[in-house]
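Reviewing the structure listed below.
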Amino acid sequence: MRIKPMLTAALGAALLASSVQADDKVFGWVEKATVEPWGVEVKAKLDSGALTSSLDAREIESFEKDGETWVRFRLKLEDEESGELFSERMELPLYRDLKVRGAGGRDERPVVLMKVCLGDTVYEEQFGLRDRGEMHYPLLLGRRTISHLGLLDVRDTFLTEPRCDDDSRVVEHDPAEDDD
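Heads up: the sequence shown begins at 180 in my numbering, then just goes up one per residue.
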């Protein structure tokens, strides 16, 4: 009766192989990424335990502009390549509010659409804004973003280098994928 376990294993391997494409890119659980359009290089943690990506932001405040809610915040990031501090005050439309439950209780964070470069592709994604100053990684990429990248190898890090330019492919945000 050893045939049944062997058939099950063979079927599982065949199904897995059919879902992996030859051109799928492989990313480690930590990668270098650039925050666009400035090209600021940061370490990004690919976290399959988080649904929505998160970006280090300071001085976060909501305000009204033309009858819509916007978010004003400051990006304060250290460029991994140059070591220089990048600080930019931004204003973007509020995409949605994110409700987060954690060990410290419930929290609500603003979400905006921004672009990051991983490998040779620019991804427009949802980013929850929060002060990640005490965190090791200023950029956390959640499952929504990871699903656009390719494969995640949790055993390795820094498998790609960000190398985007004006001719790079851009994966635009698709509201149809917003499945909170």
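By construction, the Cβ of each residue, glycine as well, lies at the ideal position given by its N, Cα and C atoms.
Would you kindly work out how many angstroms separate the C-alpha atoms of residue i and residue j, rounded to a whole number?
{"i": "Arg-309", "j": "Asp-203", "result": "31 Å"}
{"i": "Ser-326", "j": "Glu-243", "result": "33 Å"}
{"i": "Thr-248", "j": "Leu-292", "result": "14 Å"}
{"i": "Glu-238", "j": "Lys-255", "result": "10 Å"}
{"i": "Glu-356", "j": "Asp-299", "result": "22 Å"}
{"i": "Phe-306", "j": "Ser-232", "result": "5 Å"}
{"i": "Leu-320", "j": "Asp-344", "result": "21 Å"}
{"i": "Glu-259", "j": "Glu-220", "result": "5 Å"}
{"i": "Pro-354", "j": "Gly-228", "result": "21 Å"}
{"i": "Ala-193", "j": "His-352", "result": "In this predicted model, Ala-193 has a pLDDT of only 47, less than 50, meaning its place in the structure is not dependable enough to derive any value."}
{"i": "Ser-241", "j": "Ser-266", "result": "19 Å"}
Please state whether DSSP places residue i in a helix, a strand or coil.
{"i": "Ala-223", "result": "strand"}
{"i": "Leu-271", "result": "strand"}
{"i": "Pro-216", "result": "coil"}
{"i": "Trp-208", "result": "coil"}
{"i": "Glu-286", "result": "The sequence shown places Asp at residue 286, not Glu. Here Asp-286 sits in strand by DSSP."}
{"i": "Asp-235", "result": "strand"}
With DSSP as the reference, please indicate the residues paired to residue i in a beta bridge.
{"i": "Thr-248", "result": "Glu-243"}
{"i": "Glu-260", "result": "Partner(s): none; Glu-260 has no beta bridge."}
{"i": "Leu-254", "result": "Glu-267"}
{"i": "Leu-431", "result": "Here the chain covers residues 180 to 359 and nothing more, so residue 431 does not appear."}
Report buried or exposed for residue i, applying the criterion of at least 16 other Cβ atoms within 10 angstroms of its Cβ.
{"i": "Gly-283", "result": "exposed"}
{"i": "Leu-264", "result": "exposed"}
{"i": "Leu-195", "result": "Here the model assigns Leu-195 a pLDDT of 47, short of 50, so the residue's position is not dependable, and the following value carries that caveat. With fewer than 16 other Cβ atoms within 10 Å, it is exposed."}
{"i": "Arg-348", "result": "exposed"}
Inset, instruction - Counting only runs of 4+ residues fully inside the region 293-359, write out the alpha helix (DSSP H) ranges in chain order. - result: Scanning the region 293-359 for uninterrupted alpha helix (DSSP H) segments of 4 residues or longer gives 322-328, listed from N- to C-terminal end.
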